[in-house]
Structure formats: structure tokens, C-alpha cells
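These notes concern the structure reproduced below.
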Amino acid sequence: MDIARGLIAIGAGIAVLTGTMTGAGQGYAAGKAVEAVGRNPEAESKIRSMLILGAAIAETAAIYGLLISFLLLFVYQ
Amino acid sequence: MVICERISIKERREPLNEFLEWAVTTPLQVEVISIWIITGLIIALVFAVNHAIKKADVMAKPTGFVLLGVLIVQTFSTITRDNMGKNNASGYAPYIGALALFLLFSNISGLFGLAQPTANYSVTLTLALISFVLIQRAVFKTNGFVKYFTRLFEPYPVFFIMNFFGAVAPLVSMSLRLFGNITGGTIIMMLFYTFTGYISGFIPVIGQFDFIGPLVAPFLHAYFDLFVGFIQMYVFISLTTVFVANELPSETETT
């Protein structure tokens, strides 16, 4: 029983690892947005809204991982 | 004798009675009550703005509720027009504005002690379903009845599986994104309060009162409730408008 509980915790930890690549992707998007604003400062508001949209879409994978880890932790008691 | 009575009662049951019994005995989910409160607040706001606008002087500078109404309408019609183009936006702007107000109020409602409606998957799935129906309606309007089905099999019939999942994907991703963000914030705040309560339990006299939590929590609440709530509202309405606008015929670029 204790081993099963520990394995569930390890599984939840692995599920949350989806966040690593999401962080890399969001950082890349933010860097590109800074470049775009530097090249074309008048389009700042448009670039900001596109950045928020893209970052939120990239975040979806991390959210799925978070949900799965919550399910593992709280449903399989 | 008793059995006979029971059977006769059972036979007399009608569908309406059964439904009423089910409706009375089934407990409500907590989120339903907060949805009622939030909807009531929005309706009250709308009536207040309407009342103020009827009384207002047209030539004077807008103040109070009139200003609030003007700002809300202006903001959401601008956002819709930016994403969808001038001609398409007019029909969709009211829905987008109502959706945004509801999402904003319900995401922030966690700060006021209500159970957030968007932390319930039924609510977000319903909202995503409305967006899905809007998208399919736009496809139907542009392509017509026959093309609506044949375009699933393009370019080759094998692509049906991919096209089908491409059509259904927004439903899943939009609802799960909103739900996951809000639920994640709620659970992290719960874990945080448990942790600070555990830490302050070590201090002898005043340890029963969790005094570390209130010192650090405001920043976390500002992030998880206000910031994430606003961003997710913005993302939801942007995705709805962008997906719908993708399917509508593109406007002739005259400018």
C-alpha cells in the first residue's frame, strides 16, 4: 500500500514535467515578441495581444500535465 | 398489506412527480448558487446602466454608470472588431461582451468567498460548446449544406479522421484550458494555506492562528485570481473570435 502511494506521487511528479518544455516555448515566444517590438515599435499593442494568445495556447500542455497530476494525487488516494 | 400500498403508490407515479421529487431531493452543486449570484449581479449592473442612460443628458460628459456602460461596450466591440473585421463583428460583439463579463466576474469571484463557477468542468464545457456551435454555424454559412460535409473528406477521404478531430479539438482544448487554470490556482492556494498552517503550528502560544498565510497570500491571490482570471477571460474570448473569423469569408481589403 505504501509503495503504491509512493508510485502515485512519482507519477504525479512526472506528469508535471510537461511544464519544462512549455517554459522553454513561452520564453522563446517572449524573446521573439521583444525582437518584433524592437523592429517595429508602433505595432506594440497588436504584438502584445498575439503574445498573450500564443503563450496561453502553449500553456495548455502544461495545464494538462497539472490536471493529470492533480487527478493522480486526489482521486487515487 | 404494506407491500400492496407501496405498489399502488409506485404505480401512481407520474413523470412530472418523479421529476419534482428528483429536483427536490438532489443536492445542488455549490457552483450553481454562485452562478445565480453572479448572473444577478450582471443583470443588476445592466439595469442600472440602462436606467442611468435613459436619464442622462446626451450633450453632457458621461459620468458614473453611463461612463461604465460606454467603456464596457467600447472595449468589447473594439476587441471583436480587431479580431474579426468590421463587417463580421457587429453580430458577435454582444455575445462576446456578455461572455467576457460573465467569465471575468466568475474568475474573480473566488476573492469574495464564492465557489468559482469556472472551477466546475460543466460550466467551462458549456461555454466551449457555445463557441463550438458558433464555429460550426460559421462553417455552415460559408460553405453551404453539401460542402459542409464534403470538406471533411478533403483532400483525400483518409483525412476524415484528422479533419474530424480538428473540428472537435477546440471544444476540448478551450474548456480544459480555462478549467485547468482556475482549478490549478484554487488547489495551489489550498495547499499554500495548509502549509502555512502547518508551519505556524510550531510556534507555541499563537500557533493556532495561521498568521504566516495572510502575510504572503495577497500576492498569490493577486496572481492566481486577478491576473490569471483576467488573462484566461481574454484568451477565451480571443480564441472564440479568431476561430469564428477563420471560417467566415474574408473581407475584401479595400483600405
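Chains P and R are the protein sequences, given in the same order.
Residue numbers for the first sequence, in the numbering used here: 1 to 77.
Residue numbers for the second sequence, in the numbering used here: 1001 to 1255.
A virtual CB, placed ideally from N, CA and C, is assigned to each residue, including glycine.
Excluding its 5 nearest sequence neighbours in each direction, Thr-1142 of chain R has C-beta neighbours in its own chain below 7 Å: Glu-1247, Leu-1248 and Pro-1249, listed in chain order. Under the three-state reduction of DSSP, Tyr-64 of chain P is assigned to helix.
Here the alpha carbons of Val-75 of chain P and Ser-45 of chain P stand approximately 43 Å from one another.
Closest option to Thr-18 of chain P, judged by alpha-carbon separation, among P:Glu-42, P:Leu-73 and P:Ile-68: P:Ile-68. Under the three-state reduction of DSSP, Asn-1087 of chain R is assigned to helix. Within chain R, no residue has its beta carbon less than 8 Å from that of Tyr-76 of chain P; the closest one is some 16 Å off. One thing to note: Pro-1170 of chain R has its Cβ no nearer than 8 Å to the Cβ of Phe-1102 of chain R. Between Leu-53 of chain P and Ser-1175 of chain R, the CB-CB gap reaches or exceeds 8 Å. If you check the CB distance, Pro-1117 of chain R and Ile-1188 of chain R do not come in under 8 Å. In this structure Thr-60 of chain P touches Ser-1173 of chain R by the C-beta definition: roughly 6 Å separates them, less than 8 Å. Taken in chain order, the complete alpha helix (DSSP H) segments of 4 or more residues contained in the segment 1157-1221 of chain R are 1160-1200 and 1213-1221.
Cα atoms of Phe-1105 of chain R and Val-1168 of chain R: separation of roughly 28 Å, rounded to the nearest angstrom.
Closer than 8 Å to the CB of Leu-72 of chain P there is not a single CB belonging to chain R.
Between Asn-1181 of chain R and chain P, the shortest Cβ-Cβ separation is below 8 Å. In the DSSP assignment, Tyr-28 of chain P falls within the unbroken alpha helix (DSSP H) covering 18-39. Per the coordinates, the alpha-carbon of Asp-1225 of chain R lies some 18 Å from the alpha-carbon of Val-1123 of chain R. For a cut-off of 8 Å, the C-beta gap from Phe-1192 of chain R to Ala-1217 of chain R is around 7 Å, short enough to register as a contact.
Contact check for Thr-1186 of chain R against Gly-1069 of chain R fails: the beta carbons are separated by 8 Å or more.
Of R:Leu-1067, R:Ala-1060 and R:Pro-1094, the smallest CA-CA separation from Phe-1076 of chain R is found for R:Pro-1094. Among the CB atoms of chain P, one or more fall inside 8 Å of the CB of Ser-1173 of chain R.
Cβ neighbours of Phe-1132 of chain R within its own chain (closer than 7 Å, five residues either side excluded): Pro-1170 and Leu-1171.
Against chain P, the CB of Val-1235 of chain R has a partner CB under 8 Å away; the residue lies at that interface. A residue is called buried once 16 or more other Cβ atoms fall within 10 Å of its Cβ, and Arg-1137 of chain R, having fewer, is exposed. Setting aside the 5 residues that flank it on each side, Ala-1048 of chain R is surrounded in the same chain by Phe-1065, each with a C-beta closer than 6 Å to its C-beta; the list follows chain order.
Membership of Asn-1050 of chain R in the alpha helix (DSSP H) is indicated by the continuous run 1030-1055. At least 8 Å separates the beta-carbon of Gln-1232 of chain R from that of Leu-1152 of chain R. At a cut-off of 8 Å between beta-carbon atoms, Ile-1231 of chain R makes contact with chain P.
Of all residues in the segment 17-33 of chain P, none has a C-beta nearer than 8 Å to a C-beta of chain R. Put simply, the CB of Ile-1187 of chain R is near chain P, with a gap under 8 Å to one of its CB atoms.
A distance below 8 Å between beta-carbons, with the five flanking residues on each side excluded, links His-1051 of chain R to the following residues of its chain, in chain order: Phe-1065. Thr-1241 of chain R counts as buried, since at least 16 other C-beta atoms from the protein chains shown sit within 10 angstroms of its C-beta. Not a single CB atom of chain P sits nearer than 8 Å to the CB of Leu-1111 of chain R. Membership of Leu-1152 of chain R in any alpha helix (DSSP H) is not indicated, and neither H nor E is assigned to it by DSSP.
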